[in-house]
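*Asks:*
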Amino acid sequence: MTTIPPDWALYQTYLAGELVYDTFMSKIHRQLVKPMSVGLLDVDTCIDLEQLANVLAVAYFNPEQVVLRTPSVIIDSGGRIIVWYLPGAMTGMIMTDMQSATNSIGHLLNDSITTRKATEWRTHESNFYPSPDGKITPGCINISPAWFQQGREKHGFPKLDPEDGFSPQVSAALKGDVGHNITTSLQRSGILVPAALRVMHPDLYRAGIKTQVRLGAWATQYQLEDMCHHLKHWASVFNVVSVICNRRSPPHRDPKCRPEAFYIMTTAGIYHPVIMDFMNLGIKFLYDSGSMLASSCRLVRHHMHVEQGSRIVTAWYMRDSIHNFVGTPRTDYAKYGNVQRSDPVEQKDV
């Protein structure tokens with residue numbers, strides 16, 4: 010069991026996850042929702058969480074649908090869930106919140122675009138297009154309270170010495186006083202996405218909590234004040250979020266993620282209908298504003314082509330190297346049909 014400090018933002022995320030999970034379970038088993046504490050969660054957030062639970066339940070009852078236009082789950086021949094498709098999972102309030110958070114980092118998005126060789130497609134200028142109303146700044150940045158700098162990731166269980174030059178650091182976007190505001194601005198969406206993961210992949214959800222709390226203990230031990238601050242206010246069980254605005258996405262996989270893990274994307278904005286193509290699965294689906302999509306991004310080769318409008322995507326994921334760093338064991342794949350009501354959990358323990 011992992012104890013979450015009650016003054017951490019992650020504790021409110023835990024309560025949100027339990028609320029979504031219990032509401033989802035009540036719909037699957039057609040039972041009443043049991044009373045529970047919602048801590049500091051406000052009414053708007055609770056409404057968002059209830060809508061998310063409703064859409065998750067609809068998706069769960071559609072496991073074999075191939076033409077994805079309604080909430081659905083895709084499973085493989087072994088019963089492993091490889092995709093959750095949740096159009097309409099986010100309320101207008103959440104999407105407005107995403108817009109506000111994105112506006113606050115416009116300067117970072119603008120600075121992220123590069124002119125280097127086009128093979129570095131994620132930030133190359135050729136893959137971005139302008140917003141017609143000027144409300145969205147094109148760009149792509151990665152935000153993390155603790156991750157390895159490029160080329161410094163460790164494999165296997167490493168020494169936990171921050172002085173060796175090969176230990177996690179706060180991402181560049183979060184450094185300084187401005188970074189504190191960024192962490193806070195991401196809290197509401199940071200709560201919603203892990204709450205979905207609580208239903209989609211409970212073991213991965215718990216592994217994410219364990220990793221964040223262990224990172225916090227390590228950062229406290231070595232008096233890494235900036236990292237301690239961001240971990241305390243980081244509401245997500247995911248290590249990293251990429252904020253992506255008005256970018257074309259050529260066919261790709263994401264090899265740094267665990268194959269058993271889900272990578273969750275949310276989308277907001279005003280744009281023409283977009284089709285997401287899972288090429289190696291032979292599946293295409295509508296990817297409208299307000300959608301949430303979870304998949305094994307290491308296994309699924311996907312792409313999306315869009316040329317106009319104003320589109321914000323947040324992509325939440327876990328880095329294998331960070332879980333290795335604190336010794337969090339790998340989880341198995343999420344399985345369809347393993348939905349069972351769990352016993353009540355002691356307060357603060359997960």
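Okay, so the sequence shown: first residue is 10 according to the numbering used here, each after it adds one.
All residues carry an ideal CB built from backbone N, CA and C; glycine is no exception.
1) Does the Cβ of Thr12 have 16 or more other Cβ atoms within 10 Å, making it buried, or fewer, making it exposed?
2) Excluding the 5 residues flanking Phe166 on each side, which residues of the same chain have their C-beta closer than 7 Å to its C-beta?
3) Can you tell me where the alpha helix (DSSP H) holding Pro80 begins and where it ends?
4) By how many angstroms is the C-alpha of Leu183 removed from the C-alpha of Ile91?
5) From this set, Ala303, Arg197 and Gln317, which residue's C-alpha is nearest Leu49's C-alpha?
6) Pop quiz: Ile145 and Leu117 are said to be a contact at Cβ under 8 Å. What is the actual Cβ separation, rounded to whole angstroms?
7) From Glu129, Gln178 and Thr100, pick the residue whose C-alpha is nearest to that of Asp53; which is it?
8) Between which two residues does the alpha helix (DSSP H) holding Val92 run?
9) For Gly278, collect the residues of the same chain with a Cβ closer than 6 Å to its Cβ; drop the 5 residues on either side in sequence, then sort them by chain order.
10) Between Gly148 and Cys254, is the Cβ-Cβ spacing less than 8 Å?
11) Glu59: which of Ile200, Glu234, Lys344 and Pro260 sits nearest, CA to CA?
12) In this structure, does DSSP put Asn289 in helix, strand or coil?
13) So what's Phe166 in DSSP terms, helix, strand or just coil?
14) Go to Cys237, then tell me how far its alpha helix (DSSP H) extends in each direction, as first and last residue.
15) What residue range is occupied by the uninterrupted beta strand (DSSP E) comprising Tyr326?
16) Can you tell which of Gly115, Ser113, Ile114 and Glu134 has the C-alpha that lies nearest to the C-alpha of Thr123?
17) Would DSSP call Gln60 helix, strand or coil?
18) For Gln9, does the three-state DSSP call read helix, strand or coil?
19) Under 8 Å: do the segment 228–245 and the segment 31–50 share three or more Cβ pairs, one atom per stretch?
*Replies:* The short version:
1) Within the sequence shown, the letter at position 3 stands for residue 12. Thr12 is exposed by the Cβ-count criterion.
2) For the purposes of this step, residue 166 is taken as residue 157 along the sequence shown, with counting starting at 1. In this prediction, Phe166 scores a pLDDT of 48, lower than 50, which makes its location untrustworthy; the coordinate-derived value is nonetheless stated afterwards. Excluding its 5 nearest sequence neighbours in each direction, Phe166 has C-beta neighbours in its own chain below 7 Å: Asn333 and Gly336, listed in chain order.
3) Residue mapping note: residue 80 aligns to position 71 of the sequence shown, counting from 1. Membership of Pro80 in any alpha helix (DSSP H) is not indicated, and neither H nor E is assigned to it by DSSP.
4) For the purposes of this step, residue 91 is taken as residue 82 along the sequence shown, with counting starting at 1. For the purposes of this step, residue 183 is taken as residue 174 along the sequence shown, with counting starting at 1. Spanning the two alpha carbons is a distance of roughly 32 Å.
5) Within the sequence shown, numbered from 1, the residue matching residue 49 stands at position 40. Comparing Cα-Cα distances from Leu49 to each of Ala303, Arg197 and Gln317, the minimum goes to Arg197.
6) The count along the sequence shown starts at 1 and reaches residue 145 at position 136. The count along the sequence shown starts at 1 and reaches residue 117 at position 108. Incorrect: roughly 13 Å between the Cβ atoms, too far for contact.
7) On the sequence shown, residue 53 is found 44 positions in, with the first residue counted as 1. The closest CA to that of Asp53, considering only Glu129, Gln178 and Thr100, is found on Thr100.
8) Residue mapping note: residue 92 aligns to position 83 of the sequence shown, counting from 1. Boundaries for Val92: no alpha helix (DSSP H) harbours it, while the beta strand (DSSP E) harbouring it runs Ile90 to Leu95, taken from the DSSP string.
9) Here residue 278 refers to the residue found at position 269 when the sequence shown is read from its first residue. Counting only Cβ-Cβ distances below 6 Å, and skipping sequence neighbours, we find Ser298, Ser319, Arg320 and Ile321.
10) Locating residue 148 in the sequence shown gives position 139, where the first residue counts as 1. Locating residue 254 in the sequence shown gives position 245, where the first residue counts as 1. Cys254 is positioned such that its CB atom lies closer than 8 Å to that of Gly148.
11) Taking the first residue of the sequence shown as 1, we reach residue 59 at position 50. When each option's Cα is compared against that of Glu59, the closest is Ile200.
12) Here the question's residue 289 lines up with position 280 in the sequence shown. DSSP, read as helix, strand or coil, puts Asn289 in helix.
13) By one-based count along the sequence shown, residue 166 stands at place 157. Confidence at Phe166 is low in this model, with a pLDDT of 48, below 50, so the placement of that residue is unreliable and no value is reported for it.
14) By one-based count along the sequence shown, residue 237 stands at place 228. Run containing Cys237: Glu234 to His242, per the alpha helix (DSSP H) assignment.
15) Along the sequence shown, read from residue 1 onward, the residue named residue 326 stands at position 317. It spans Ser319 to Tyr326 - the beta strand (DSSP E) in which Tyr326 sits, taken as one unbroken run.
16) As a first step, residue 123 must be located in the sequence shown, where it is residue number 114. Closest by alpha carbon: Glu134.
17) Counting from one through the sequence shown, the residue named residue 60 turns up at place 51. Residue state, collapsed to three classes: helix.
18) As shown, the chain starts at 10 and ends at 359. That puts residue 9 outside it, with no answer to give.
19) No, they do not touch.
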